[in-house]
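Input: a single structure, listed below in structure tokens.
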Amino acid sequence: MFLQKISLLNYKNFADIQFEFDAKINCFVGNNGRGKTNMLDAIYHLSFGKSYFNPIATQNIKHGEDFFVIEGNFSLNDREEKIVCSLKRNIKKVIRRNGKAYDRLSEHIGLLPLVIISPADRDLIIEGSDTRRKFMDGVISQSDPEYLHALMNYQKAVSQRNALLKYFAANHTYDPKTIEVYNEQLQNYGQEIYKKRVAFVEEIYPIFKEQYKLISGDTEEVNLVYNSRLHEASLAELLSSNIDRDRALQYTSVGIHKDDLDFQIGDYPIKKFGSQGQQKSFLIALKFAQFKLLKKLVGTTPILLLDDIFDKLDESRVAHIISLVEDDNFGQIFISDTHAERTERIIKEIHQTYKIFPL
Ligand SMILES: Nc1ncnc2c1ncn2[C@@H]1O[C@H](COP(=O)(O)OP(=O)(O)OP(=O)(O)O)[C@@H](O)[C@H]1O
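In terms of full-length UniProt numbering, the sequence shown is numbered consecutively and its last residue is 359.
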């Protein structure tokens, strides 16, 4: 699968721009603030229907304009796929596949597998558990639409249960039967999500460890530990034993929406005990593991976006990336870099076709 061309209208700092891409390597080079990361984000948009960097959709519209349009032509299994993602202020975002708008944006997820490696990934280490849950959910959803469906239904049931708990508290009333209706929904969807998260961590774990060794050459142990109270008991049991607490708090305090994915070096959190280099290696290993797993599960080689990666990496890590992409099985890669000469020097070592786009 590869992106043949893209055209942007009013997307962030771009008013109107088009590019035709190489099927292998494409580099955006230019000084700070030229829009290199914005270009990668536009490609991310075509795959996920949203920005990797800015969750407030309208802030991706060029200042002073009312809409943006991102249009991409992909080659997928020797078929052409035209994806158009557009957003107008005060109107819901629309994604069209070959002219037909999706009823739900979620239906698009997984069609165009993609992995991004960016300095912003550091949030996965430093931010709260929701960032890591979103990472897990994002990776699993790309290869499993039923997971995404269960997740959306689960989230809806949690919101409704929380609203009910608030209503009971405000009105000094309680109806266990209605709570039970939501408990059942949470049990069904939650247990399915839990099982798939367990399977995901089991599957990605050995790939991640192997990648970490390759990238860092380090001998220390790194671990990914799925942390869930569902290890102790079923969600139905947890919900019923926590009901007094939930009533007092007026929200659902147990469930897969509280899970975490612990990142460890030895037995300690990497956030506190990993050096900066170890943290970087950890994140890149995780993203490479995501790439490999996704490729295996969906049977399509994901597009790889490497944002500012050479700037942040030492020679051995760059060498590893090169060895990864020298492999004939790699797909299309987009790179952003501030140094045109450095990019060209590194890219030439890969012996694949490439295009460089100065911005
Ligand atoms: N909605 C928007 N409208 C207009 N310009 C925007 C919008 N959002 C971001 N920008 C501009 O995009 C530019 C940043 O682009 P980007 O982050 O892609 O730069 P870059 O080339 O990757 O830079 P660096 O090398 O520093 O990472 C900034 O000048 C910013 O003001």
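Glycine included, every Cβ here is placed at the ideal spot set by N, Cα and C.
Heavy atom of ligand 1 within 8 Å of THR37 beta-carbon: yes
Where ASP121 falls, given that 16 or more other Cβ within 10 Å makes a residue buried: buried
Per-residue DSSP class, three states only, for LEU359: coil
Residue closest to TYR174, alpha-carbon to alpha-carbon, out of LYS100, GLN250, ALA236 and ASP22: GLN250
Those runs of the beta strand (DSSP E) which lie wholly inside the region 68-94 and span at least 3 residues: 79-88
Terminal residues of the alpha helix (DSSP H) in which TYR154 lies: 145-171
Length of the line joining the Cα atoms of ARG97 and HIS108: Distance between the alpha carbons of ARG97 and HIS108 is about 8 Å.
Rounded separation between PHE282 and ALA169 - CA only: Taking the straight line from one Cα to the other gives about 45 Å.
Environment of ALA199 [buried if 16+ CB atoms lie within 10 Å]: exposed
Classification of LYS292 by the beta-carbon crowding that lies within 10 angstroms, buried from 16 upward: buried
Identity of the residue in ILE204, ASN73, ASN13 and GLN18 nearest LEU294 by Cα: ILE204
Neighbour-count burial assignment, ARG245, 16 or more Cβ in a 10 Å radius: exposed
Identified DSSP bridge partners for ASN227: ASN227 pairs with ASP260.
Environment of LYS287 [buried if 16+ CB atoms lie within 10 Å]: buried
Euclidean distance between Cα positions of HIS320 and ARG89: 43 Å
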